[in-house]
Amino acid sequence: MTDRRRDVQDLRTVLVVEDDEAVRSLVAAALGDIGGLDVRSCGSATEALAVVSDVAPDLFLLDVQLPDMDGAALAGALRTRPGLAGTPTVLLTGRPDLAERMRHDDAAIIGVLGKPFDVFALADALRAVWTAWRDSRA
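The following block contains the structure:
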């Protein structure tokens with residue numbers, strides 16, 4: 001199966017996985033209501049794995065420390081699903097040191113965004129990471 005990510009030019013759909021309900025709601029509002037992106041939010045790795053095929057996101061935005069799986073392991077598991085092998089991942093974390101180590105171990109982790117974050121700037125920050133990744137592949 002051809003990976004549809006190869007033809008994606010603009011970031012449209014993001015799968016957000018964040019176990020903290022308040023942070024998850026803020027991220028969804030920042031990306032969806034403010035940023036104009038289509039957002040599907042999940043509270044656990046298990047939930048994300050159950051819905052990812054229905055969502056077919058352009059990008060995964062994952063918390064590093066989830067209760068049922070760490071963000072890097074989840075990124076790898078999500079990319080095993082049909083059509084999602086090339087889907088890039090951005091980690092969202094209050095522990096940038098840990099996330100940077102994960103990033104060096106997985107080329108599909110294209111960026112790290114820190115917590116706390118500016119709700120009004122989060123979508124732009126995510127798009128900047130996406131654009132740099134996309135342009136590096138051209």
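For the sequence shown, the positions run 1 to 138 when the UniProt record's numbering is used.
Using N, Cα and C, we set each Cβ at its ideal position, and we do this for glycine too.
How is residue i classed by DSSP in three states: helix, strand or coil?
| i | result |
| --- | --- |
| Arg40 | strand |
| Gly111 | strand |
| Val70 | Before going further, note that residue 70 is Asp rather than Val in the sequence given. Strand at Asp70. |
| Thr80 | coil |
| Gly35 | coil |
Following the continuous beta strand (DSSP E) through residue i, name the residue where it begins and the one where it ends.
| i | result |
| --- | --- |
| Leu61 | Leu59 to Asp63 |
| Val17 | Thr13 to Val17 |
Any beta carbon of chain B sitting closer than 9 Å to that of residue i?
| i | result |
| --- | --- |
| Ala138 | Of the protein chains in the structure, only one exists, and it is not chain B. |
How is the alpha helix (DSSP H) around residue i delimited, first residue to last?
| i | result |
| --- | --- |
| residue 150 | In the structure displayed, the chain extends from 1 to 138; residue 150 sits before or after that span and is not available. |
| Arg95 | Per DSSP, Arg95 belongs to no alpha helix (DSSP H) and is neither H nor E. |
| Asp135 | Leu122 to Arg137 |
| Asp54 | Ala45 to Val55 |
| Val23 | Glu21 to Ala28 |
If contacts are defined as beta-carbon pairs under 8 Å, then residue i and residue j qualify, I think. What distance do you get, rounded to the angstrom?
| i | j | result |
| --- | --- | --- |
| Asp63 | Asp19 | 6 Å |
| Trp133 | Ile109 | Not confirmed; about 10 Å, so no contact. |
| query | Any chance the stretch 12–31 sits against the stretch 121–130, with 3 or more Cβ pairs inside 8 Å? | reply | yes
| Counting Cβ pairs, one atom from each stretch, are 3 or more of them under 8 Å apart for the stretch 42–49 and the stretch 61–73? | yes
| Sufficient close CB pairs (3 or more, under 8 Å) joining the stretch 84–99 to the stretch 49–62 | Contact between the stretch 84–99 and the stretch 49–62 is present: three or more C-beta pairs spanning the two stretches fall below 8 Å.
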